[in-house]
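For the record, the sequence lines run as chains G and H.
Counting from 1, one number per residue, gives the positions in the first sequence under our numbering.
Counting from 1001, one number per residue, gives the positions in the second sequence under our numbering.
Glycine included, each C-beta is placed from N, C-alpha and C at the ideal position.
Note that the coordinates shown come from a computational prediction; the quantities given were computed from them, not determined experimentally.
To start, the structure itself, in structure tokens.
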Amino acid sequence: MRKGFTRLHLITSLLFIHQLAQAQSPSGSGANSFTMILLAIVVLIAFFIILRVSDNLVRIEANKSGLNSEDESLSSLPAASDIFKQKNGPAYAKGRYVALKKGHNILLEGKAEGPVIAANANTFALQPANFRGMSPIPKVEVEVGNTVKAGDHLFFDKKNPDVKYVSPVSGEVIAVNRGDRRSIANIVILADKQQQYRSLNAPNLETCSREELVSFLLDSGGWSFLRQRPFDIIASTTEIPDNIFVSTFDTAPLAPNLDVVMEGKGAAFQRGLDVLGKLTKGKVQLGLDATGENPPSAVFTTATGVGKTWFSGKHPVGNVGVQIHHTAPITTKNTVWTVGVQDVATIGALFTEGRFNADRVVAITGAELIQPKYVQTKIGANIGELLEGNLANDHVRILTGDVLSGSKVSKDGFLHFYDDQITVVEEGDQVEMFGWLLPDLSTPSASKALPGSRFPDTVYRANTNMHGEKRAFVVTGQYEEMLPMDIYPQHLMKAILTNDYEKMEGLGIHELIEEDVALCEFACTSKQPLQRILREGLDMVHEQG
Amino acid sequence: MSTLLEKIKKLEPPKEKRFLHTLYDGFFTFLYTPDHTTQGVGVHIRDRMDLKRTMVMVVLALQLCYVFGTYNIGHQHFLALGQHTSFLAAIHLKLAYGLIKILPIFVVTHLVGLGIEFYYAAKKGHGIEEGFLVTGALIPLIMPPDIPLWILAMAVAFAVILGKEAFGGTGMNVVNIALLSRVFVFFAYPTTISGDQCWVAGLEYANGAATGQTYGGVYHFFDWIFNGLGWATFGEGGRTVADAFTGATPLGLASQGWDKVTSVYSPMQMFWGAIPGSVGETCKPLIIIGALMLIATGIASWRIMLSCLLGAGFMAIVFNWWGFDAFMNIPWYYHFYMGSFWFAMAFMATDPVTAASTNRGKWIYGFFIGMLGIIIRVMNPAYPEGWMLAILFMNVFAPLIDHFVIESNIKRRQKLATASGN
């Protein structure tokens, strides 16, 4: 092996010496600068390749003889990561640091600013469709006209009757609306002025067993915040997750600043983390934001009893799925849970306050608002009431969630259970003359072919136009640039479209949920519905078991 | 603006008339991006980038090649006849001559190609896809200027029907459509696209001696204009060619060694492209500008271009080292002066549909194209240029390359699963 390598090296070097000599001799009119530059480039690159190859050969040899190939002293080259990767993040990011290059930040007008204002929402709803993995017709335990306290059971899944879904507020049940095929669309509650809470007897966290804790969470409604991956479903009551992940920052377009959202909730958040820590066989893993100049809120940085990883990069670096991939990836054999930060605080409040505290700070965002702002409300608030008097334009689409993976809702709809953001975007049902040809600075794009890419700080006013028509997959390498994970999204999508289970699993469908490929879908030149395709694939794999 | 829109909308044929409706839809979406909005599920805003813009970027990158190619047709024609031999002499005649040659090629390519595209779009009931925008812009540039139009029409029809529509349309084809049309001409009508006699337009060969064409109707029309302006005219034509004229391309001469090539064409002449050849592939700097434009806009893969360059350089160096015959002994860097390497690398190898689709696969794919191209160029006596065949060959192998890259990703993940399963 070594002999062969030496020979190869010798031959190649000889070749190059020979070539250099030839090029330098005055061989007529040809020896001009163009040739010399070409020559220099080729020599440099070839030299680098030879070094790389030899380096790898040494590593292989080292591996064979049982040495650790990660040991840097073996390499004749500095590893590429040493040169190009910023090894340490900003000074405040102490601990594990991951810098991600891929992705794209979509900057939109209408970011929520300022202090958190109390919202005047009076009706709230719980929507069974928000809980994935639940059968569409749950057993409803209340009737119209009943009065409930915050934390009282509203319904449960007949397949999984232990998990109770509880009322976020106290008040009167004013409607149980049905959707398609007799499914329950939502249960609407008109909130009391003075909130009353179902009193809970939380077990002592230090002494209780995991079983006691689980049964308390199931009964108190805390379980409904635990989501399991793969598939992003309500956490299984029988499985113990390898790790529980919490992302403490959101990089989606116009996403709320979680530092603002969590202000003053440090104690509940910490207690929530402690609770989660008892539920997993691994650790609670926090993903922290190392992108900015200033450290994130102390609520996150001073959290104890958890694993912390600092991340810097562009969207979707704030997605918990991306953070899982770079911390302890999901495989076909393990499961992890994910929880939102405000949900952690609600779980913590079950213990610190002894009640189901459904308080939520929600960012109301979008360029079509008179005043984008943060409001203080509760889970499942009515959209129309939250937006009252704030719409600057009627021709809009209202979303619960962000523009990439949120859901369209009407004005009499409700905030989704896990969402902490409402976005209002303009409907783009207008034709545009030569919209495909003219250089355009007014629409967000991840493509370098548009002039906007030269001004990365431009803030855009987006609309819902498709900007083109759906086509077959043509462009390659585009999704990979939008997803900082070791995954080939386009090949995965094709595997899903051809129902190739083996390949879906092999290519990592378990690691993804819709929000992770949302940016790929945004950037897709062929306007393919990636999130829908992915969900079809996830459902297929889930059904297969 | 809105009244124009209303007028156009009034023209919309009923949906039952499928072909007409598809045609209308094709032209409407060309004029206006449609008012479609995102659906309730999935993303609610979409990138400005779409396939039309992607394709038109490539077409724009080709424009310099078109301008130069058109002019060069005229220049080579007059050069062969010993008239207006300075490059910038009689610009109007050369341009007019080039246009007379290139326009019919362009029109026939698009009539046939778009016609088939429209037909299939109507038949399958989907919109007209943009794929042919680029194919149609590439085909005239890779044909000899005197290609008989009926052969061209057959080639385009063959390539579009068998190469694309049979596989399911844009995005589904296995091999590059433009190259498929060229390879069709090459194998079905080899004399029209190889040898020394096809690369200069407007020469008639009889008993080995060449004479210039006689200038008929359309030339007289131009003469009438040029006369009026007091400029040089075409005249009646039928001149005998200049004594030094050979008609051979650099690659045609290269098997006799580099000295033979430079005795006819200087390296700078080859570099700047004032030599006979296919219409668009001769001028290297303009192609490089186009290639840089494609890289800067992210439309074409720089990985493929760079690895092509490396592969070709590597193979040429190996041949230098081997040194078996005069062709192999041509200094490796001069291979980049001859033939259509740059055009093939920039515009043909980078076709995303037929190239490898993984980034690692692209390196391998490009490198092999570079190597194979030089091998065919140097070692194939029948046809002294290799890029067409090399790219088509690697097009077929691209899925295999991808397969191995994908498999390694799958293996990595399985390893992780086994490790974590314990």
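Length of the line joining the Cα atoms of residue i and residue j
| i | j | result |
| --- | --- | --- |
| Ile1295 of chain H | Asn1409 of chain H | 27 Å |
| Thr1262 of chain H | Ala1206 of chain H | 28 Å |
| Arg1046 of chain H | Pro456 of chain G | 17 Å |
| Pro230 of chain G | Gly401 of chain G | 21 Å |
| Ser236 of chain G | Leu387 of chain G | 36 Å |
| Arg1182 of chain H | Ile1142 of chain H | 7 Å |
| Arg59 of chain G | Ile50 of chain G | 14 Å |
| Ser220 of chain G | Glu368 of chain G | 39 Å |
| Cys1308 of chain H | Ala40 of chain G | 17 Å |
| Pro1148 of chain H | Ile1102 of chain H | 12 Å |
| Glu1165 of chain H | Val474 of chain G | 15 Å |
| Asn570 of chain G | Phe434 of chain G | Shown here, chain G extends from 1 to 545; a query on residue 570 of chain G therefore has no answer. |
| Ala381 of chain G | Arg532 of chain G | 26 Å |
| Gln544 of chain G | Phe131 of chain G | 20 Å |
| Leu1011 of chain H | Ile1073 of chain H | 41 Å |
| Val188 of chain G | Val362 of chain G | 19 Å |
| Ser453 of chain G | Asp1325 of chain H | 50 Å |
| Cys446 of chain G | His416 of chain G | A small correction: the amino acid at residue 446 of chain G is Ala; Cys does not occupy that position in the sequence shown. When rounded, the distance between both Cα atoms is 28 Å. |
| Asn1395 of chain H | Thr525 of chain G | 22 Å |
Near the ligand GDP: residue i beta-carbon under 7 Å from a heavy atom
| i | result |
| --- | --- |
| Glu1117 of chain H | As presented, the structure is devoid of all ligands, the ligand GDP included, so that no description of it is given. |
Residue-chain proximity (residue i, chain H), Cβ-Cβ < 8 Å
| i | result |
| --- | --- |
| Ser407 of chain G | yes |
| Gln531 of chain G | yes |
| Ala255 of chain G | no |
| Ser25 of chain G | The predicted model places Ser25 of chain G with a pLDDT of 47, which falls under 50 and marks its position as unreliable, so this point remains unresolved. |
| Phe245 of chain G | no |
| Leu415 of chain G | no |
| Asp516 of chain G | no |
| Gly435 of chain G | yes |
| Leu512 of chain G | no |
| Asp157 of chain G | no |
| Gly321 of chain G | no |
| Ala472 of chain G | yes |
Proximity test, Cβ basis, 8 Å: residue i and chain G
| i | result |
| --- | --- |
| Glu1165 of chain H | no |
| His1110 of chain H | no |
| Gly1069 of chain H | no |
| Met1049 of chain H | yes |
| Val1043 of chain H | yes |
| Val1353 of chain H | yes |
| Val1160 of chain H | no |
| Thr1233 of chain H | no |
| Gly1169 of chain H | yes |
| Ile1406 of chain H | yes |
| Lys1123 of chain H | no |
| Leu1005 of chain H | yes |
| Tyr1097 of chain H | no |
| Arg1053 of chain H | yes |
Among the options, the one whose alpha carbon lies nearest that of residue i
| i | options | result |
| --- | --- | --- |
| Gly282 of chain G | G:Phe48, G:Ile240, G:Arg461, G:Lys94 | G:Ile240 |
| Thr1354 of chain H | H:His1335, H:Asn1173, H:Leu1079 | H:Asn1173 |
| Pro1331 of chain H | H:Trp1272, H:Pro1267, H:Ser1340, H:Gly1237 | H:Pro1267 |
| Leu1372 of chain H | H:Tyr1383, H:Arg1360, H:Trp1363, H:Ile1391 | H:Ile1391 |
| Phe1167 of chain H | H:Lys1124, H:Pro1148, H:Asn1380, H:Ser1194 | H:Lys1124 |
| Ala345 of chain G | G:Gln376, G:Lys333, G:Asp359 | G:Asp359 |
| Ala1122 of chain H | H:Asp1035, H:Leu1023, H:Val1156 | H:Leu1023 |
| Ser1086 of chain H | H:Gly1216, H:Ala1254, H:Gln1269, H:Ile1225 | H:Gln1269 |
Per DSSP, cross-strand counterpart(s) of residue i
| i | result |
| --- | --- |
| Gly1212 of chain H | H:Leu1203 |
| Gln376 of chain G | G:Ala118, G:Val361 |
| Thr309 of chain G | G:Arg96, G:Gly287 |
| Tyr460 of chain G | G:Leu108 |
| Ala252 of chain G | Paired residues: none, contrary to the question. |
| Thr123 of chain G | G:Leu190 |
| Val173 of chain G | G:Ile189 |
| Glu426 of chain G | G:Val396, G:Asn463 |
| Thr159 of chain G | Per the sequence presented here, residue 159 of chain G reads as Lys, with Thr not at that position. Bridge partners of Lys159 of chain G: none, in fact. |
Return the chain-ordered ranges of every alpha helix (DSSP H) run that is complete within the stretch 333-367 of chain G and spans a minimum of 4 residues.
341-352
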